[in-house]
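Let me begin by presenting the structure, written as structure tokens, before commenting on it.
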Amino acid sequence: MLHFLGSYKQPLTWCSMIQAAVWNVRGLNRGDHQQAVNMLVNEFHLHFIVQGARFTSHNCSDGGRSLWKRLDRALVIEEWLNKWPNTTILSTTRRTFDHSAFVLQGSTVQREATMFRFDNYLARSHGFLSKVVNVWQNNIYGTMMYSVTRKLKLLESVFRQMRKEKERVCKLVVAKATKLEQNMLQQWSKLQWLKGGDQCTRLFFRKVVVQLDHLRPWTRHLVTQEGIAMLQPVSRDEIKTAFFDIAEDKAPGPDGYSSRFFKAAWPIVGEEIIKAIMEFFHSGKILKLNATLITLIPKMHKNIMESSVFQFHWRCRELELFSLCFADDLLLFCRVDVASVLVFKEVLDWFSGVFGLQANPDKSQLILSKSAEHLRPCLHQVLGFQEGVLPLKYLGLPLVHSRLTIQDCQPLLLKVDKHIAGWTGIPLSFAGRVQLIKTVLSALHTYWSASFVLPKGVIKFIEKKMRKFLWQGTSDHGYAKVAWSQVCLPYDEGGQGIRAITPRHLWDVLQHSPQSIWVQWIWQYKIRSKSVWTVSVTSGSWSWRKMIKLRHLLLNDIRYEVGTMNHFTVWHDPWHPRGVLIHKFPRGLSVIGVPLDARLDVVMHDEQWHWPPITNLEMLDITDNLPPIHSGPSRIRWNSSSGTLTNSDALHLFQPKGPKVGWSSLFLGPFSIARNLFILWLAILERLSTLDKAWCRMDNQDCSLCDTGEMETHSQLFFDCAYVRHCLSIIRRETQIQWPYTSRQRGIHWACKRWRRRHLVNAAYRATLASLVYHLWRERNLRRFQNSRTEVEVVAELVLEQIRSRIFSDELKFNLQTSVLYRL
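Residue numbers are given in the numbering used here: position 740 of the sequence shown equals residue 1178, and the series is strictly consecutive.
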């Protein structure tokens, strides 16, 4: 046995350990037996997990030669203990056999109690109302609301038992129901509506949106008659109507009971429900509910704000900010003194006593500034947390106190490498790699870019990885056929539409959004009484300075609309047609007399401009070109139809629009095939590896498709070759397609002009051209590298078959356009 295990090179897994868990070593003396066992244990790091009887073997003798031995052992490896640390093997008492039986005992897992939720299907169960009546007849003393909540609590165990019984029945019929549903869906040929309600289809939701559009203009207005009706006392009918207006899958309270339960059991529970709600409107008191869905963070905030010894962090005092909470992660920060930390400790203890949740000292960290070195032992004794050091990981991002470096962004870079390595071994075409770059690689940095200004080195690294993956895949062979700057251009400018990495943080600062804590903090401590356009560039963090340097890009693409309620400053914001007034008229402060930090409200009155008298001729340009004032708050609009900054607009800030190409329409249409379009794109740009572009002079540079002796160029290979013209004539005869048989440049121009419309037939012709170029390039490579030749008729048939399959894959309605397509 030892010789067999020693020759077995593969590591033992827990599955093989189950089959070889009990070793019976026979034929050895007592000393040899123990020595063999010790060698086995030491060599393979095995562990004994047997409990119970020590001796496991008996010689089945009833006389004086009765003998017990310890021959059987159960050994496990490290993987077993790591996977099941609490498992044991019990050695039982011997019965009829000469060896004792071993019983494997697993670890008992205590099942956690889950929050109760009422299942709506129980309301249709047999005996539902009778079970509710049995519980509702109990007499519970107290207020009406207390009585209702106690009865609902008693019903939870009843419904849990009903749910178990229903699940047993459902498991028996689910297979049959699935098969019946499959047959039904196959027979349906058009959309049908259920009598009890609409189906959850895309058409249904579009219809709902249309039906609600006429209500939206009135949702923010309340007529006088309706306002008076809202002041009337709440009636019994209103309470019942409110309950029955709630959707059946929604819950009116945090007790787990949906609206379906109350509707089904309303004849029994309705009277007490109405009395409980009427009692609240008369007394104004409600029971204190202790539910896991109700957060206690507002109560923590109240306790801290009412403390007289707590002091805020010096950069959070004006905003009264002391915590940031996301899910179960909580950041608390304050001034470094013992009194403020003691307030945090008291609040955490109070939270633990009320809610039952305690801060884990092994996972919680205390981070101190360098000025608090002398308080370190005392603060550790108060909180009992571990000491943390920046940078640390929070919500998947590095929490740093300095500028973001390339080393801090290593998790992002490793994620890019991991995704590319995961595609190793998958035969991807150029078009497939483009799709992966657009959908996967280009989206990896989005979460980071929403929080940081990524360093230039990180952006270059990601773009380098995407560029290498596009042209080389997961190997090290190949070269870039087109410059990366051109690949990132939009389709109408001759690129592939891969978007570059662009930030948009500065737009959020301009909008002054009250929902963003970061934006509020920036305005409070960085901008203050100035604006984004006049704040100093030399002060602040590295990220803030980088964003401020980009503000000139936004100035020509935004417009300020002045309203009656505004936060624009007179001198610092470009609300005036002349721009920022402090830059255009630096002497205006002393001449006009308006303070430097004044808002526009100072020079406005009754929705009209009201400037002080100006006698300086140069300053009269301010009042002569004032913009109009509209009712409502002032706002900043983007120069687009929507008025807001989109990702496309942010891209054009860093990548201005260039001249459009005339052949971009060839890549549009419902019948396009991605790999064909990519080869067509390279052919139009003349970036395919034809022989005229070879790095070294070759003996044979003739066209691979014909034997005319012409040099292989893009024009010769795809337009002038006799093989190509013969293939085009076959396709033209089969599809009635027209082609001028001219040069490459004129042929592309003719196709773009003739097939540019959105007609389905034109889309099919454009797809046919791309398919022809793809199959011609494929045939050239087969002849060049595999010495395989295909007749021109076969290539033409491959082109037509590919286009026919693509057309038939779409469910097109039969009309005049599609009838032409079906004849291809």
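We treat Cβ as the ideally placed atom computed from N, Cα and C, and that holds for glycine.
- In this structure residue 1018 is in contact with residue 971, their Cβ atoms being roughly 5 Å apart against a cut-off of 8 Å.
- Under a 10 Å Cβ-count criterion, residue 984 is classified as buried, with 16 or more other Cβ atoms of the shown protein chains found around its own Cβ.
- Exclusion of the five residues before and after residue 539 leaves 530 as the residues of its chain whose Cβ lies within less than 6 Å of its Cβ.
- Cβ contact annotation for residue 1185 (same chain, cutoff 7 Å, sequence separation greater than five): 1157, 1178, in chain order.
- Of the candidates 580, 1111, 497, the residue whose Cα lies closest to the Cα of residue 867 is 1111.
- Annotation: residue 1084 to residue 934 spans about 20 Å, alpha carbon to alpha carbon.
- Taking 8 Å as the upper bound for CB-CB distance, residue 852 and residue 838 are not in contact here, some 17 Å apart.
- Using a C-beta cut-off of 8 Å, the region 556-566 makes contact with the region 596-604, since at least three inter-stretch Cβ pairs fall below that distance.
- Note on geometry: alpha-carbon atoms of residue 698 and residue 684 lie some 9 Å from one another.
- Beyond the five residues adjoining it in sequence on each side, residue 1194 comes within less than 8 Å, by CB distance, of 1103, 1200 in the same chain, given in chain order.
- Assignment of residue 512 by DSSP, reduced to helix, strand and coil, places it in the strand class.
- The alpha-carbon of residue 903 is positioned some 8 Å away from that of residue 854.
- Of the other Cβ atoms in all chains shown, 16 or more fall within 10 Å of the Cβ of residue 1166; this residue is therefore buried.
- When the beta-carbon positions are compared, residue 770 and residue 789 stay at least 8 Å from each other.
- Taking C-beta separations shorter than 6 Å and ignoring five residues to either side along the sequence, the partners of residue 1124 in its chain run 1152, following chain order.
- Beta-bridge partners assigned by DSSP to residue 526: 543.
- For residue 683, the enclosing alpha helix (DSSP H) starts and ends at 674-683.
- Excluding sequence positions up to five before and after residue 1020, its CB lies within less than 7 Å of the CB of 972, 1009, 1010, all in the same chain and listed in chain order.
- Counting every other CB atom within 10 Å of its CB across the protein chains shown gives residue 863 a total below 16, marking it as exposed.
- The Cβ atoms of residue 1202 and residue 1168 lie no closer than 8 Å to each other.
- For the pair residue 489 and residue 884, the Cα-to-Cα distance works out to about 56 Å.
- When secondary structure is reduced to three states using DSSP, residue 784 falls in the helix class.
- Shortest Cα-Cα distance from residue 1055 to any of 1225, 1023, 919, 1041 involves 1023.
- Residue 1217 and residue 1225 have their C-alpha atoms roughly 10 Å apart.
- By DSSP's assignment, residue 488 forms a beta bridge with 527.
- Under the three-state reduction of DSSP output, residue 1204 falls in the helix class.
- The closest CA to that of residue 561, considering only 687, 611, 515, is found on 687.
- Non-local beta-carbon contacts of residue 1006 in its own chain, meaning distances under 6 Å to residues more than five positions away in sequence, involve 1013, 1038, 1072 in chain order.
- Across the structure, residue 1143 and residue 922 are spaced so that their CA atoms are roughly 31 Å apart.
- About 7 Å separates the beta carbon of residue 717 from that of residue 581, a gap short enough to meet the 8 Å contact definition.
- Beta-bridge partners of residue 996 (DSSP): 1076.
- Distance from the CA of residue 911 to the CA of residue 1128, rounded to the nearest whole angstrom, comes to 21 Å.
- By the CB criterion at 8 Å, residue 505 and residue 494 fall outside the cutoff.
- Just so you know, the alpha carbons of residue 702 and residue 663 end up roughly 34 Å apart.
- Taking C-beta separations shorter than 6 Å and ignoring five residues to either side along the sequence, the partners of residue 1004 in its chain run 1038, 1072, following chain order.
- Shortest Cα-Cα distance from residue 1067 to any of 1058, 1220, 1002 involves 1002.
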